[in-house]
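Notes for the one structure printed next.
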Amino acid sequence: MRLLGVSIALAVVACRRPPSDVLGESAERAHSWIAGAEMTADLWTSGRVPSGFAQVALRDAQRGLEAERARLGRKTEVMKDPRVAEAVSALDAASVAASRMGAALTRGGDERAAARGEIRSADHRIQMAARR
Amino acid sequence: MKNAVRVLLGVVTSIGGFIEAGSISTSAQAGALFGFRLLWAVALAAICVAFLIEMSGRLAAVSHHTLAAAVRERFGVTFHIGPIVAELLLDILVLTAEIGGVGTALQLLTGRPVRLWVLPTAFLVWLLLWVGNFDAIENSVALLGLVTLCFVVAAYRLHPSWPDVARGFVPSVADHHVARYGFLAVSICGATISPYLLNFYSSGAVEEKWTEKDCAMNRVVASLGMGFGAVVAMGVLVTAAMVLQPRGIAADAFSQVALVLTPAFGRWGFYLFAASLAIGCLGAALEVALNMAYLLGQSLGWSWGENLRPKDGTRFSLVFTLAIGLSAVLVLLGLDPLRLTLFSMALTVIILPVLVLPFLVLMNDEHYVGRHTNGWLGNAVVGFVVVAGFLMALVAIPLQILGGS
């Protein structure tokens, strides 16, 4: 039990990280979801994955981005940092864009292209906020 | 000739049975986040599991005892309760992850939610166990599992830098995400050295009535089977490193991992991945559910055996029925199969020393294994697993918190 307590205490101490670390990690995760969504959209466009799968993957990306936003939002101490506030706003935009990409699969190419543009722009904003 | 066929079948079933939700998810995440750098963990875990599997087969062939029955007889029921409860809890988590894994594969194929597939999957697992016999189940699902060799072909077709791949076999410290690296190394070991495999393998040997004469065949099957199985897991890791890492995709969901085979196989890649995940998880679900029934049956002295008709082994059949039902409920409650898999793999290493230490005693007891006691190398490997498992157990909780999410 003592060993377990020491392990947990070490982990809790190590969990207190500065906002830049927290933001950097979130930016990396967000990029992962966005890159996955983009790759899925590319493969769907070239007919290499079925529509049902593309919808699932884009929904996962949207949920992943929402979870990342919620994770940052829960940490009140880092939310005061303006870079984090910018990243949260961009994460919101990215999850909306992922949702639009999913909806646009069955619609025209213009709408898909617009959603891709939005998600790329949101990704850029998140990465810039993390690097500032 | 007959022996050669048995060896070949044994090796083939080991390859087919190696890949499941745990090995796919841990290897894919390792490749996606750290390139080839965690190949050493797969290799090390494979060497350890090959030794342990060979020992459990040897124990069964010589003593005609399964691992659980021998531990109970040698150490008494009181000692046996802790490890049994720990293994049953772990098995439930793994079974839940595997049923969820089949559901996820069907979700990827159809776009319909995982929950829709949970009950049909659980029913299929139960039905196969209810009507099938040991050989039919093991051979058919494991033969289908050869589809997982597509990961090896994909790794080859993606033309990785082989010197870089070779460097991955040298243990190294990560230059970024150290906690995540440690967590994945521990999880890979947990996914490969699954405790259920040991008792399942020895139970299979008893069901197939192995004798001392089968020791040589057992050695070949364990080493070649686990070796080739590990090559498949390495194929997953290399493929993820080639496809996902350059794009910055971390393999945080099976829908991301599902992209890894498409660059190598085009449209077929997606279907090959879904088939590999579904068949691998189905095979593992059958084995884990069966192992839970073996474990309780052998520990409590019931009549047990997959070759028994359900009416001749009612308590045995009841255990796997309840286990499958409980796991299905846990998936329906919304437990995420991927997260559950990673968690249960880390948990495996925590309880591994408790499960493996009695094994070391048994394998040196002439009353059980006669002249086939362990050599120094076998003892060294088991000792290493116990010590490494203990050390990994110490760091597993902090790593779970820091690197597991």
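Taken in sequence, the protein lines are chains A and B.
For the record, in the first sequence the residue sitting at position 83 is 83 according to this note's numbering, with numbers rising by one throughout.
For the record, in the second sequence the residue sitting at position 180 is 180 according to this note's numbering, with numbers rising by one throughout.
Beta carbons: idealized from backbone N, C-alpha and C, even for Gly.
Under the DSSP assignment, B/GLY204 falls in the alpha helix (DSSP H) whose first and last residues are 195-207. For B/GLU138, the enclosing alpha helix (DSSP H) starts and ends at 134-144. Within its own chain, the residues whose Cβ lies closer than 6 angstroms to the Cβ of B/VAL385, once the five positions on either side in sequence are excluded, are CYS48 and VAL356, listed in chain order. Under the 8 angstroms Cβ criterion, the segment 241-257 of chain B counts as touching the segment 32-43 of chain A, having at least three qualifying pairs. Counting along the chain, the unbroken alpha helix (DSSP H) around A/ARG59 starts and ends at 51-74. Between B/GLN245 and chain A, the shortest Cβ-Cβ separation is not below 8 angstroms.
A distance below 6 angstroms between beta-carbons, with the five flanking residues on each side excluded, links A/ALA61 to the following residues of its chain, in chain order: TRP33, GLY36, ALA37 and ALA98.
Nearest to A/THR40 by C-alpha distance, out of B/ALA4, B/ASP336, B/VAL77 and B/LEU108, is B/LEU108. Under the criterion of beta carbons closer than 8 angstroms, B/VAL118 and B/GLY101 do not qualify as touching, at roughly 11 angstroms. For B/ALA250, a Cβ of chain A is located within less than 8 angstroms of the residue's own Cβ. Within the segment 255-267 of chain B, those residues whose Cβ lies closer than 8 angstroms to any Cβ of chain A are, in chain order, SER255, GLN256, ALA258, LEU259, THR262, GLY266 and ARG267. When C-beta atoms of the segment 197-209 of chain B are compared with those of the segment 29-37 of chain B, fewer than three pairs fall below 8 angstroms, so the two segments do not count as touching. Taking a cut-off of 8 angstroms on C-beta distances, the segment 320-336 of chain B touches the segment 121-130 of chain B, as three or more cross pairs fall below it. Within chain A, the residues placing a beta-carbon under 8 angstroms from that of B/GLY111 are PRO50, SER51, GLY52, PHE53, GLN55 and VAL56, ordered along the chain. Contact annotation: B/ILE15 and B/GLY229 have beta-carbon atoms nearer than 8 angstroms.
Here the segment 275-283 of chain B does not lie against the segment 50-57 of chain A, with fewer than 3 beta-carbon pairs under 8 angstroms apart. Under a criterion of Cβ atoms nearer than 8 angstroms, the residues of chain A adjacent to B/GLN107 are, in order, VAL56. Contiguous beta strand (DSSP E) elements confined to the segment 202-250 of chain B do not occur, taking only those with 3 or more residues. Scanning its chain for C-beta atoms nearer than 8 angstroms, with the 5 sequence neighbours on each side dropped, one finds around B/GLU207 the residues PHE134, GLY305, GLU306 and ASN307, in chain order.
If you look at B/SER56, you'll find it in the alpha helix (DSSP H) that goes 39-63. Residue contact check for A/SER32 against chain B: a CB pair falls below 8 angstroms. Around the CB of A/ILE119, 16 or more other CB atoms lie within 10 Å, so the residue is classed as buried.
Rounded to the nearest whole angstrom, the CA to CA distance from B/VAL165 to B/SER172 is 13 angstroms. B/ALA216 and A/GLU66 have their C-alpha atoms roughly 55 angstroms apart. Contacts with chain A at 8 angstroms (Cβ-Cβ) do not include B/PHE34. Separation of the CB atoms of B/ALA68 and B/LEU295 is rounded to 5 angstroms, and the pair is thereby assigned contact status at 8 angstroms. Note that the segment 322-338 of chain B touches the segment 81-101 of chain B; at least 3 beta-carbon pairs, one per stretch, sit closer than 8 angstroms. Residue environment: B/TYR271 is assigned as buried (16 or more neighbouring CB atoms within 10 Å of its CB, all protein chains considered).
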